[in-house]
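In terms of our numbering, the sequence shown opens at residue 7 and continues consecutively.
Think of the CB as a built atom: it goes at the ideal place given N, C-alpha and C, for glycine as much as any other residue.
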Amino acid sequence: MRVMITGVAGFIGSALALRLLERGDSVYGIDNMNDYYDVSLKEARLARFRDHDNFMFEKLDIADRPGMERLFERHKFDAVMNLAAQAGVRYSIENPASYVDANLVGFANILEGCRHSKVGHLVFASSSSVYGANTKLPFSEHDNVDHPVSLYAASKKANELMAHSYAHLYGLPCTGLRFFTVYGPWGRPDMALFKFTKGIIEGTPIPVFNKGEMIRDFTYIDDIVEGVVRVIDATAKPDPNWNGDDPDPATSYAPYRVFNIGNNQPIELMRYIEVLEQCLGKKAKMDLLPMQPGDVRATMADTAALNEAVGFKPDTSIEAGIANFVEWYRGYYGS
């Protein structure tokens, strides 16, 4: 296949590119290489496959409409995986405009490009954050998600709605993937595991929100990539049983669907920190803080729909996943 990956220098994008290249696909990657976090880490991710014969890279912002139009005019893709976005729940409180540009304007440009160039399958990153104020666990794709608690979450919900309209109007097959707290080697420095590891090694207090009384469905990067690859290969199709009198948010009469990708094994935040301490051989100093605006206390993914559709259920334990991250971190930073 010929696959375009947006956000290819990112954590998930670079891991997915490697996997697709290893199985023989061609990858055209774009990224705006912004400085939301350390650009050298993004460059190091790209360096892992820049010389691969089946990989091409272009520095491009998905919010650049003329640039995106030219890209889709020059190239034909069997599938597009959109991972480019302004990430982070807390940053959306400080800088909402960047989320509008990347997550709304940029996504509209991708939809238009896919529509006009007749892309076979658009797969896009949504987020567990769309569940917002929902408290019924596990979170199911079949539940209503109309109460986001951050602009980031709202922008991801908007992506799902925009994609459905294109599936309805133009027959563009679209699949949204709600990722649950992804972690692992080559991860993002703004995420908890990275911050915790750096703080424990340096002996500085780590920020622990809601005084540690949080539960997360931590999902290892290799499991995320395996799920994404299987979904890319399984093009979205209309659900013949969809009923407008009892509408299912996860499927449609159009070629559209939404899946959770999570570990389905929620872990208490303090246990996550405990495993990290064991891997580092050092105790953490903790700064116990109140709940941050935009955060939720608990997440847990119902992954039955993903398993039924593509035969895959993430299962990497945090003990294995955190150990792999620590090994990478020490090797990359020499600490």
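Can you name the start and end residues of the beta strand (DSSP E) that Phe387 belongs to? Residue 387 is absent from the model: the chain starts at 7 and stops at 341.
Which residue or residues does DSSP assign as beta-bridge partners of Asn266? For Asn266, the beta-bridge partners assigned by DSSP are Arg184.
At which residue ranges does the region 140 to 221 contain complete beta strand (DSSP E) runs of 3 or more residues, listed in the order of the chain? The qualifying runs are 180 to 185 and 212 to 214.
Label Met297 either buried or exposed according to how many other C-beta atoms from any shown protein chain fall within 10 Å of its C-beta, with 16 as the threshold for buried. Residue environment: Met297 is assigned as exposed (fewer than 16 neighbouring CB atoms within 10 Å of its CB, all protein chains considered).
Beta bridge counterpart(s) of Glu100 as assigned by DSSP: As DSSP reads the structure, Glu100 sits in no beta bridge.
If I measure Cβ to Cβ from His127 and keep anything under 6 Å in the same chain, skipping five residues before and after, which residues do I get? These residues qualify, in order along the chain: Ala85, Pro179 and Thr241.
Along the beta strand (DSSP E) that carries Ser32, what are the first and last residues, could you check? Going by DSSP, Ser32 is part of the beta strand (DSSP E) stretching over Ser32 to Asp37.
Measure the CB-CB distance between Tyr338 and Pro195 and report whether it falls below 9 Å. No. Outside cutoff.
Please confirm whether Ala131 and Ile36 have their CB atoms less than 9 Å apart. In this structure, Ala131 lies away from Ile36, with their beta-carbon atoms at least 9 Å apart.
For Lys201, tell me which candidate among Val302, Tyr278, Pro246 and Asn60 has the shortest Cα-Cα distance. Of the candidates Val302, Tyr278, Pro246 and Asn60, the one whose C-alpha sits nearest the C-alpha of Lys201 is Tyr278.
Taking the beta strand (DSSP E) that Leu294 belongs to, which residues open and close that run? It spans Met292 to Leu294 - the beta strand (DSSP E) in which Leu294 sits, taken as one unbroken run.
Looking only at its chain, what residues have a beta carbon closer than 7 Å to the beta carbon of His58, apart from the 5 residues adjacent to it on each side? Setting aside the 5 residues that flank it on each side, His58 is surrounded in the same chain by Leu27, each with a C-beta closer than 7 Å to its C-beta; the list follows chain order.
Under 6 Å Cβ to Cβ from Tyr137, same chain only, skipping five residues before and after it: list those, please. Cβ neighbours of Tyr137 beyond the five flanking positions: Phe145 and Val151.
Can you tell which of Asp41, Val332 and Ala139 has its C-alpha closest to the C-alpha of Lys204? Closest in alpha carbon position to Lys204, among Asp41, Val332 and Ala139, is Val332.
For Asn115, which residues of its own chain have a beta-carbon under 6 Å away from its beta-carbon, when the five flanking residues on both sides are left out? Same-chain partners within the cutoff: Ile68, Arg71 and Met74.
State the CB to CB distance for the pair Ile221 and Glu274, rounded to an integer number of angstroms; the pair is presumed to be in contact (CB under 8 Å). Correct: roughly 6 Å between the Cβ atoms.
Could you check if Pro246 is buried or exposed, using at least 16 other CB atoms within 10 Å of its CB as the buried criterion? Exposed, because fewer than 16 other Cβ atoms sit within 10 Å of the Cβ of Pro246.
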